Amino acid sequence: MRECENGRRRFLQRALAAGSALVLAGCERLSRSEWFTGVLGSAEKLNFGVQRLLLPRKAMAQEFTEADLSPDFRSNGTRDPDDPAYQALAADRFVDYRLRVGGLVAQPRAYSLDALKALPSRTQITRHDCVEGWSAIGKWKGVPLARILEAVTPLPSARYVVFYCADSMEASGTRYYESIDMEDAWHVQTLLAYELNDAPLPIKNGAPIRLRVERQLGYKMAKYVMRIELVDRLDTIAGGKGGYWEDRGYEWYAGI
Amino acid sequence: MPTSEQADGADTIVYRRHAWPIRLMHWINVVAFAVLLMSGLQIFNAFPALHWGKSSYTGEAPLLRIGARLDADGKAVGVTRIFGRDFETTGVLGVSAGADGAPTVRGFPAWITLPGEQWLAMARRWHLFFAWVLVVNGLLYLGYTLASGHLARDLLPDRADWRGFGQSLKDHLLFRRPAGEAERRYNVLQKLAYLAVIFVLFPLVVVMGLAMSPALNALLPGWVDVVGGRQSARTLHFVLAWMLVAFVFIHVFELVVSGFWNKLRAMVTGRYRLEGDRDA
Numbered sequence: 237m238r239e240c241e242n243g244r245r246r247f248l249q250r251a252l253a254a255g256s257a258l259v260l261a262g263c264e265r266l267s268r269s270e271w272f273t274g275v276l277g278s279a280e281k282l283n284f285g286v287q288r289l290l291l292p293r294k295a296m297a298q299e300f301t302e303a304d305l306s307p308d309f310r311s312n313g314t315r316d317p318d319d320p321a322y323q324a325l326a327a328d329r330f331v332d333y334r335l336r337v338g339g340l341v342a343q344p345r346a347y348s349l350d351a352l353k354a355l356p357s358r359t360q361i362t363r364h365d366c367v368e369g370w371s372a373i374g375k376w377k378g379v380p381l382a383r384i385l386e387a388v389t390p391l392p393s394a395r396y397v398v399f400y401c402a403d404s405m406e407a408s409g410t411r412y413y414e415s416i417d418m419e420d421a422w423h424v425q426t427l428l429a430y431e432l433n434d435a436p437l438p439i440k441n442g443a444p445i446r447l448r449v450e451r452q453l454g455y456k457m458a459k460y461v462m463r464i465e466l467v468d469r470l471d472t473i474a475g476g477k478g479g480y481w482e483d484r485g486y487e488w489y490a491g492i
Numbered sequence: 046m047p048t049s050e051q052a053d054g055a056d057t058i059v060y061r062r063h064a065w066p067i068r069l070m071h072w073i074n075v076v077a078f079a080v081l082l083m084s085g086l087q088i089f090n091a092f093p094a095l096h097w098g099k100s101s102y103t104g105e106a107p108l109l110r111i112g113a114r115l116d117a118d119g120k121a122v123g124v125t126r127i128f129g130r131d132f133e134t135t136g137v138l139g140v141s142a143g144a145d146g147a148p149t150v151r152g153f154p155a156w157i158t159l160p161g162e163q164w165l166a167m168a169r170r171w172h173l174f175f176a177w178v179l180v181v182n183g184l185l186y187l188g189y190t191l192a193s194g195h196l197a198r199d200l201l202p203d204r205a206d207w208r209g210f211g212q213s214l215k216d217h218l219l220f221r222r223p224a225g226e227a228e229r230r231y232n233v234l235q236k237l238a239y240l241a242v243i244f245v246l247f248p249l250v251v252v253m254g255l256a257m258s259p260a261l262n263a264l265l266p267g268w269v270d271v272v273g274g275r276q277s278a279r280t281l282h283f284v285l286a287w288m289l290v291a292f293v294f295i296h297v298f299e300l301v302v303s304g305f306w307n308k309l310r311a312m313v314t315g316r317y318r319l320e321g322d323r324d325a
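Those sequence lines, one after another, are chains A and B.
The first sequence: position 171 = 407 (the numbering used here), numbered continuously.
The second sequence: position 117 = 162 (the numbering used here), numbered continuously.
So this is what it looks like as structure tokens:
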């Protein structure tokens with residue numbers, strides 16, 4: 237009885253050590269297998285479904301006071317797009333900038349920076365939550381995207397708004413892009429921001445225009461927005477996942 | 046506790062200590078917590094600092110920062126700063142062996158993160174999936190423990206437990222373990238530890254996780270300020286996770302000193318061997 241017990245113990249101990257090494261190696265394999273990352277990815281649909289169910293369409297992200305402002309609003313990702321076309325625009329203080337809005341709309345339009353500034357604006361002090369874990373609080377002024385949508389009149393088939401940006405992310409020239417659905421697009425706090433902390437939006441934070449989608453994480457809020465397109469599907473654009481980081485494994489729905 | 050039992054030798058009784066739903070949920074929780082801890086540390090590595098307040102850029106220094114600096118020879122040195130004091134932590138925190146074995150600048154080392162290499166997107170996938178596993182499993186456990194009477198019968202301390210509090214504390218400090226029939230019941234410190242883990246630490250760590258969601262912040266704008274703000278919630282999420290790790294260590298230690306294989310078997314097959322009366 238005792239001997240049998242000892243043998244079993246030794247076996248179990250070895251099995252435990254070998255097991256934990258196997259489990260770790262297994263996890264690494266699983267992280268690279270398509271079916272398993274698909275299983276893990278199902279949590280995104282669950283989070284999206286549950287959060288949309290819990291959250292009223294018009295629920296507002298928290299707004300703060302001037303006392304909460306971060307002394308310097310951190311810049312992440314691209315700090316200064318080196319694309320010649322962008323550099324030329326920036327050198328001229330964006331006077332030749334045109335925001336083109338098209339796709340599934342009744343009336344495609346183009347806006348100069350002054351034209352955008354002439355539209356009714358909204359100012360909000362909100363917290364920017366980066367997927368990495370940090371937060372910064374900034375005061376944004378810009379045109380609610382809803383004003384632009386009203387002007388271009390989306391077709392009933394439009395389901396997403398795609399933002400094409402000026403910054404190349406890689407030597408290959410792949411540019412940043414992002415997308416949101418119509419519910420977030422019409423939200424009051426969704427802005428095309430041109431001011432940060434009462435000054436023109438700095439280049440490091442996305443001049444001349446950056447998107448604010450306050451109920452999602454920072455990577456949704458594309459900087460250097462050049463073109464907006466309304467579409468009915470995302471799988472035909474770039475990597476097919478609806479954004480530069482989404483094409484690299486991040487969730488399209490970044491509400492958590 | 047369940048009472049189906051059989052005699053096994055002279056003074057030894059084998060009985061079913063844990064019902065199968067408890068055993069199953071215990072092991073699901075072990076897997077989910079391990080994945081959440083390791084993927085959580087990988088997520089932490091993307092911004093290896095902890096702040097207090099509404100944002101990370103309030104002008105205040107972080108409470109904790111894990112970083113690296115170059116020494117005179119140009120070699121990377123891991124530096125962990127806690128409450129303004131620096132500690133050299135090369136090899137574990139700040140600088141540790143990467144996939145190829147070479148020193149790499151990273152917060153927590155590869156052997157405790159999931160995935161091992163720096164990979165935030167994949168860590169989030171593991172974390173957000175197993176968070177659901179943990180929460181659903183936890184809710185099922187709560188339902189079962191209430192419906193089956195497990196909570197009232199085995200976990201809530203009764204009058205006798207409270208009276209024996211001092212004795213139980215002394216027994217623990219002297220590593221004295223109960224023998225015979227007393228082994229069938231959880232002691233009062235054990236009960237309180239389990240209750241704290243089930244009803245305080247796990248719910249709080251989940252809520253502090255949800256507090257970091259920008260969408261859920263809009264549910265009731267400002268609710269996260271109850272704990273000091275989003276960055277405070279992130280700090281608490283981290284601290285609570287390590288408190289749970291501390292519990293795991295104590296839990297396993299107590300198993301080791303009180304009959305590891307017997308208790309482990311009881312949580313796997315349910316069978317627990319109760320030796321006859323003997324000197325403790």
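Backbone N, C-alpha and C define an ideal beta-carbon position, used for all residues, glycine too.
Predicted model, so just to flag it, every value in this text is computed and none were measured.
For H172 of chain B, the three-state secondary structure derived from DSSP is helix.
With a cutoff of 8 Å on beta-carbon distance, P380 of chain A and V341 of chain A are scored as not near each other.
When DSSP reads this structure, A372 of chain A sits in a beta bridge with A:H364. Rounded to the nearest whole angstrom, the C-alpha separation of N90 of chain B and L255 of chain B is 19 Å. W72 of chain B has a beta carbon lying at 8 Å or more from every beta carbon in chain A.
Contact check between the stretch 77-95 of chain B and the stretch 272-289 of chain A: fewer than three CB pairs, one atom from each, fall below 8 Å, which does not count as touching. If you draw a straight line from the Cα of G475 of chain A to the Cα of G273 of chain B, it is about 40 Å long. The Cβ-Cβ distance between H364 of chain A and A351 of chain A does not fall below 8 Å.
For the pair of segments examined, the stretch 242-257 of chain A was found not to touch the stretch 455-463 of chain A: the number of CB pairs separated by less than 8 Å stays below three. Annotated as distal: L281 of chain B and T57 of chain B, with beta-carbon spacing of 8 Å or more. Taking C-beta separations shorter than 7 Å and ignoring five residues to either side along the sequence, the partners of D468 of chain A in its chain run L340, S393, A394 and R395, following chain order. Annotated three-state conformation of E487 of chain A is coil, per DSSP. The DSSP-derived three-state label of S348 of chain A is strand. Residue burial is scored here from C-beta neighbours: N242 of chain A has fewer than 16 other C-beta atoms within 10 angstroms and is therefore classed as exposed. About 12 Å separates the Cβ atoms of A113 of chain B and G136 of chain B, ruling out a contact at the 8 Å cut-off.
The beta strand (DSSP E) runs of length 3 or more contained entirely in the stretch 384-464 of chain A are, from start to end of the chain, 396-404, 411-417, 427-432 and 446-448.
Of the residues assessed, Q360 of chain A falls on the buried side of the cut-off, its CB having 16 or more other CB atoms within 10 angstroms. Q298 of chain A belongs to the set of residues whose beta carbon lies under 8 Å from a beta carbon in chain B. For F330 of chain A, there is no enclosing beta strand (DSSP E), as DSSP marks it with neither H nor E. Under the Cβ criterion of 8 Å, F92 of chain B is counted among the residues facing chain A.
In the structure shown, T149 of chain B adopts extended strand secondary structure according to DSSP, grouped into three states.
In this structure, Y430 of chain A places its C-beta atom within 8 Å of the C-beta atom of P444 of chain A.
Around the Cβ of R151 of chain B, a 10 Å sphere holds 16 or more other Cβ atoms; the residue is buried. Between the alpha carbons of V367 of chain A and Q276 of chain B lies a gap of roughly 13 Å. DSSP places A121 of chain B in the uninterrupted beta strand (DSSP E) bounded by A121 to I127.
Around the C-beta of I127 of chain B, fewer than 16 other C-beta atoms lie within 10 Å, and the residue is accordingly described as exposed.
Taking a cut-off of 8 Å for Cβ pairs, the stretch 403-420 of chain A and the stretch 305-325 of chain A touch, as three or more such pairs fall below it. Contact note: I88 of chain B reaches chain A through G369, using a C-beta cutoff of 8 Å and chain order. Residue nearest to N74 of chain B within the set B:L179, B:S303 and B:W164 is B:L179 (criterion: CA-CA distance). Within the stretch 203-230 of chain B, no run of beta strand (DSSP E) at least 3 residues long lies entirely inside it. Taking CB atoms only, D332 of chain A has no neighbour in chain B less than 8 Å away. Under the three-state reduction of DSSP, E320 of chain B is assigned to coil, being neither helix nor strand. Identification of residues in the stretch 222-239 of chain B having a C-beta nearer than 9 Å to some C-beta of chain A yields an empty set.
No Cβ-Cβ contact shorter than 8 Å links A346 of chain A with Y413 of chain A.
Within chain A, no C-beta atom comes less than 7 Å from the C-beta of K308 of chain B; the nearest is roughly 13 Å away. By the beta-carbon neighbour count (other beta carbons within 10 angstroms, threshold 16), D304 of chain A is buried.
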